[in-house]
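Protein chains in written order, with the working numbering: chain A, 51 to 436; chain B, 3 to 436.
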């Protein structure tokens with residue numbers, strides 16, 4: 051498979067709102083599939099139950115919203131309405147259950163809507179702890195994960211033994227390493243790893259079997275280094291705020307075309323939520339809990355009790371030698387938009403330039419964003435600041 | 003049109019009591035620093051008032067400051083102040099109002115400046131925005147924060163693990179931090195005394211809510227109700243003053259029942275009760291009286307509301323208790339209205355509609371409150387299906403005057419009342435006012 055073939059396959063999966071990969075996987079294995087909303091769920095538990103975890107990141111740019119708008123007021127973000135659209139139009143019938151992790155009030159309430167709309171499906175709101183003491187929040191989270199495992203067993207999955215769970219953790223560790231390598235290569239040679247390609251690889255990973263996806267990323271990393279791609283006179287930026295509702299692919303491409311090499315971002319964040327490996331242990335739930343409590347990336351849906359707000363972002367900028375930050379968040383996204391002033395203050399204190407805009411997953415006009423980020427890039431190139 | 007007496011409103015004893023309590027509290031706050039009292043900022047839902055008093059600290063509730071700013075027509079300016087400082091138009095206006103107020107000197111409703119917090123007690127109950135709000139205030143005040151994470155009732159019940167998680171946080175995180183800041187050691191017996199007092203006041207409050215089952219209802223459980231919850235949702239739950247207030251209020255309401263009187267409105271006593279409604283969602287505060295008038299001018303009285311349960315849900319029997327103080331506080335936090343899942347919320351509304359014999363229900367959907375608003379359109383349909391009663395849907399905001407369109411809301415309400423009439427007459431009516 052060439053790089054183009056790999057990316058074409060990823061884009062096919064990205065565009066496939068009928069989830070044919072999931073249907074084929076279920077047919078082939080005779081097993082079940084469970085969907086999950088952004089940002090983070092411990093996919094290892096679903097995998098250990100012999101099920102396919104399937105990330106549902108809304109309906110994207112092209113899904114026509116026929117019924118979904120009738121469920122939400124105009125001032126609610128777009129991802130719940132497109133997710134409802136997918137649900138009521140039957141496109142998510144392939145899923146045997148759906149997880150709604152704690153991220154914001156909209157996704158939380160969407161879990162209740164799902165309970166009422168799809169009474170024959172398994173629905174769980176996964177309450178991620180905001181207390182980061184392992185004997186308090188950690189114990190609570192372990193109970194949440196064990197409950198999930200028991201529920202999945204009742205749903206027809208395999209009992210989640212410590213061996214099964216350790217095996218799944220190992221496979222997801224491999225996957226996290228492959229993705230970390232992908233991001234490392236992009237940060238080192240952003241002309242080589244286009245962000246639109248890295249993004250599509252990540253999106254493929256939330257639908258595919260984890261082992262298959264790890265191989266795909268490794269294959270891409272191997273092949274892309276052989277590609278001849280020209281360095282552009284682009285600035286290096288970090289993109290922040292797109293961890294839930296995703297920007298349209300065309301917008302991501304537009305950012306690159308406007309003169310920005312994206313060397314760090316937070317889209318499809320669940321795939322990179324845990325930094326480093328999760329330990330294999332006699333009590334793998336303990337390992338998963340510790341990974342969540344102590345090795346999760348800073349993000350707006352998680353309470354920051356240890357570090358100064360924005361320190362994580364500033365560190366990313368410094369470590370990756372980025373020249374600025376693009377705040378790129380969905381309209382009406384409470385977590386991202388309430389977080390933004392604190393992050394912006396941290397950048398200002400460090401004299402790091404930034405620019406901000408909001409999008410919707412079905413935004414159709416990109417010229418304004420391109421002009422804005424293009425001007426931002428030009429100003430940095432000319433004067434070293436925006 | 004008007005269904006109220008034209009005589010001027012006489013202040014009832016409970017109103018005067020509450021006014022004095024609030025004035026005294028803000029006076030105490032203004033002197034907190036000179037009296038060496040430590041100040042705790044905390045939220046109404048899931049507030050730990052008894053614990054604050056037991057440690058001799060003073061509570062401040064930012065949502066209440068925001069809504070009072072709106073009623074005094076100051077919130078618009080405060081919100082613009084926050085937006086100029088980089089806060090998005092899309093987010094909660096309580097937060098922006100609070101930040102704008104702080105930047106303009108943090109002057110409270112009585113004209114005295116509010117003291118800065120010694121501690122931000124982040125009771126994370128039923129609203130994600132609370133977390134971001136206090137993260138923002140932490141930046142502004144550079145003071146300590148203590149988080150109490152209250153799990154969501156996603157399955158419609160409180161499990162032992164949820165309760166234990168909250169109790170453990172109280173024991174090992176919240177109380178030690180409050181003791182450290184206050185310099186006082188918690189006396190559990192003293193805490194129990196405050197909690198027992200809360201329970202007694204809650205009994206009286208529930209009796210007041212249930213008086214709305216009478217016809218005519220002696221109270222408006224939404225527009226009048228927001229005044230009734232004033233003491234118990236703010237600084238006074240657990241104090242003797244609150245007990246006296248609710249005893250007085252209950253007595254007044256029982257007298258109104260005996261006399262067959264309707265609720266007191268800003269224009270006098272409502273004479274004829276034409277529509278009995280249940281309301282879901284917070285009110286608009288910037289045009290509160292204008293909003294209320296749209297109801298009482300039509301003879302509509304609210305007999306049940308969910309907003310008045312956001313700082314404590316007592317309809318199913320929960321009362322604070324000194325017997326198990328920390329478990330009691332945990333149960334309280336877990337039970338606040340917006341900590342219930344959507345299906346439960348529909349169930350609560352359905353029960354109110356039936357128990358209080360309401361003609362229908364109105365949802366006031368608030369632009370900047372996703373905790374309440376996300377899912378309300380589905381709740382509307384579900385409730386109409388379950389009850390067969392007419393549902394109305396209007397939109398406004400908490401404290402942003404830019405999102406209160408009086409003409410639009412009035413039009414919708416007029417259509418809604420026509421729909422209620424049509425349903426009463428057995429004629430076919432539109433499904434909703436959407």
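Glycine included, C-beta positions come from ideal geometry on N, C-alpha and C.
Two segments are said to touch when three or more pairs of C-beta atoms, one from each, lie closer than 8 Å; by this definition the segment 266-284 of chain B does not touch the segment 319-338 of chain B. Non-local C-beta neighbours of residue 167 of chain B in its own chain, meaning closer than 8 Å and more than five positions away in sequence, comprise 151 and 153, ordered along the chain.
Between the alpha carbons of residue 303 of chain A and residue 319 of chain A lies a gap of roughly 18 Å. By the C-beta criterion, the segment 128-142 of chain A is judged not to be in contact with the segment 417-424 of chain A, since fewer than 3 inter-stretch pairs fall below 8 Å. In this structure, DSSP gives residue 415 of chain A a state outside helix and strand, which the three-state scheme calls coil.
Excluding residues up to 5 positions away in sequence, 188, 191 and 192 lie with their Cβ nearer than 6 Å to the Cβ of residue 339 of chain A in the same chain. At least 9 Å separates the CB of residue 202 of chain A from every CB of chain B. Residue environment analysis places residue 319 of chain B among the exposed positions, since fewer than 16 neighbouring C-beta atoms fall within 10 angstroms of its C-beta. Nearest in C-alpha terms to residue 229 of chain A, of all of A/380, A/151 and A/325, is A/325. Against chain A, the CB of residue 51 of chain B has no partner CB under 9 Å away; the residue lies outside that interface. Annotation: the continuous beta strand (DSSP E) that includes residue 404 of chain A extends over 404-409. In this chain, the alpha helix (DSSP H) harbouring residue 335 of chain B covers 327-337. For residue 242 of chain A, there are no C-beta contacts with chain B under 9 Å, since the nearest C-beta of that chain is about 36 Å from it. Across the structure, residue 208 of chain A and residue 215 of chain B are spaced so that their CA atoms are roughly 52 Å apart.
Between the C-alpha atoms of residue 193 of chain B and residue 415 of chain B there is a straight-line separation of about 46 Å. The contact set of residue 367 of chain A on chain B, defined by CB atoms closer than 8 Å, is empty, because the minimum CB distance reaches about 18 Å.
Using a Cβ distance threshold of 9 Å, residue 114 of chain B and residue 29 of chain B count as a contacting pair.
Put simply, the CB of residue 185 of chain A is near chain B, with a gap under 9 Å to one of its CB atoms. Distances from the CA of residue 14 of chain B to each of B/229, B/334, B/423 and B/367 were compared; the closest alpha carbon is that of B/229.
Look at residue 282 of chain B here: in three-state DSSP terms it is strand. Legend: CB atoms of the segment 340-362 of chain A lying less than 7 Å from CB atoms of chain B belong to residues 353, 354, 355 and 359. Not a single C-beta of chain A is nearer than 9 Å to the C-beta of residue 238 of chain B. By the Cβ-count criterion, residue 330 of chain B is buried, with 16 or more other Cβ atoms from all chains shown falling within 10 Å of its own Cβ. By the C-beta criterion, the segment 88-98 of chain B is judged to be in contact with the segment 381-390 of chain A, since at least 3 inter-stretch pairs fall below 8 Å. Put simply, the segment 127-138 of chain B touches the segment 369-377 of chain B. At least three CB pairs are less than 8 Å apart. A direct Cα-to-Cα measurement between residue 185 of chain B and residue 122 of chain B gives close to 16 Å.
Shown in chain order are the members of the segment 143-160 of chain B whose Cβ falls below 7 Å from a Cβ of chain A: 149, 151, 153, 154 and 156. The beta carbon of residue 40 of chain B is closer than 6 Å to those of 59, 120, 183 and 184 in its chain, skipping five residues each way along the sequence. For residue 292 of chain A, no Cβ of chain B is located within less than 9 Å of the residue's own Cβ. In the three-state DSSP reduction, residue 151 of chain B falls in the strand class (E or B). With respect to the C-alpha of residue 348 of chain A, the residue from A/341, A/336, A/363 and A/199 having the closest C-alpha is A/363. Neighbours of residue 379 of chain B across chain A, judged by C-beta separation under 8 Å: 120, 121, 122 and 123. Contact residues of the segment 151-164 of chain A toward chain B are 152, 153, 154, 155, 156, 157, 158, 159, 160, 161, 162 and 163 (C-beta to C-beta distance below 9 Å). Among the CB atoms of chain A, one or more fall inside 9 Å of the CB of residue 88 of chain B. Using a Cβ-Cβ cut-off of 7 Å, residue 65 of chain B is close to nothing in chain A; its nearest Cβ partner there is about 15 Å away.
If you check the CB distance, residue 352 of chain B and residue 389 of chain B come in under 9 Å.
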